[in-house]
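For what it's worth, the numbering used here labels the leading residue of the sequence shown as 120, then goes sequentially.
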Amino acid sequence: MKAGWKNKTLVEVCQIKPPKSEARRLLAGTDLVSFVPIEYLGIDQKNLVPIQAKPLTEVVGSYTYFADGDVLLAKITPCFENGKLGIVANLTNGIGFRLSEYIVFRPDKSVDKEWLYYLLSRESFRTEGAARMSGAVGHKRVSKEFIETYPIPVPPLPEQQRIVGILDEAFDGIATAKPNASNPSTSKSSSPSTH
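This is how it looks when you write it as structure tokens:
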């Protein structure tokens, strides 16, 4: 860790599972909110794009609440180990709901949401969390204690944003290279001539 960077636990820098009362306070029961089925949270897909909307009264009782800018992380096996997580944006009325098998992180002002996304996507985080899961086979969940006490580096915000920019550029390059590598016609045309 670089000099000047602090280590803090997730619960010190994030509100975990913000209260549904926020949604009830901001909207009327008939107002539409985004509803995000489980399959819309991807792997290696930073931004979650909602496509369904439902009235607040239909979802506020049984589902997990989140808002624009929150980071969602799957907490059940195998989704946790596979790295299902994403940043939510462009929600209907800025609010969304989904099944309860996700942890909602709302970073405070000291942590950039994209920095948090990259920290939670690290294999070391997923491996350590998987080792601390509990529950029946096929229904294991990462523990609340592990999540809350997990330490993350918290450099100054400009440094977080600089690193996020580098990571975004690197992952964009990988995403572009993958289809080209798997397409034989592209690979051949870009290969040096052997004649």
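For each residue, glycine too, the CB sits at the ideal point set by N, CA and C.
Where the beta strand (DSSP E) containing residue i begins and where it ends
i	result
LEU218	Here LEU218 belongs to no beta strand (DSSP E), and DSSP marks it neither H nor E.
SER113	Since the first and last residues shown for the chain are 120 and 314, residue 113 lies out of range.
ALA193	190 to 193
Residues bridged to residue i [DSSP beta-bridge criterion]
i	result
THR128	PRO270
PRO174	LEU151
LEU167	VAL207
PHE185	GLY215
CYS133	PRO226
ARG260	ILE195 and SER253
Beta-carbon proximity of residue i to residue j, cut-off 8 Å
i	j	result
SER153	PRO169	yes
PHE185	VAL223	yes
LEU191	GLY202	no
TRP348	VAL155	With the chain covering 120 to 314 only, the question about residue 348 has no answer from this structure.
LYS165	TYR236	yes
VAL261	PHE199	yes
ARG245	PHE265	no
GLY188	LYS232	yes
CYS133	ARG241	no
Span of the alpha helix (DSSP H), counted from its first residue to its last, around residue i
i	result
ALA208	Per DSSP, ALA208 belongs to no alpha helix (DSSP H) and is neither H nor E.
HIS142	The residue asked about is misnamed: residue 142 is Ala in this sequence, not His. It spans 140 to 145 - the alpha helix (DSSP H) in which ALA142 sits, taken as one unbroken run.
Within the chosen definition, does the stretch 205 to 213 reach the stretch 250 to 258 through at least 3 CB pairs nearer than 8 Å? no
Is there contact here, the stretch 192 to 204 with the stretch 169 to 179, by at least three beta-carbon pairs under 8 Å? no
Jot down the residue ranges of each uninterrupted alpha helix (DSSP H) in the stretch 221 to 247, minimum 4 residues, whole runs only, in chain order. 232 to 239
Segment contact flag, the stretch 264 to 277 with the stretch 120 to 132, C-beta cutoff 8 Å, min 3 pairs: yes
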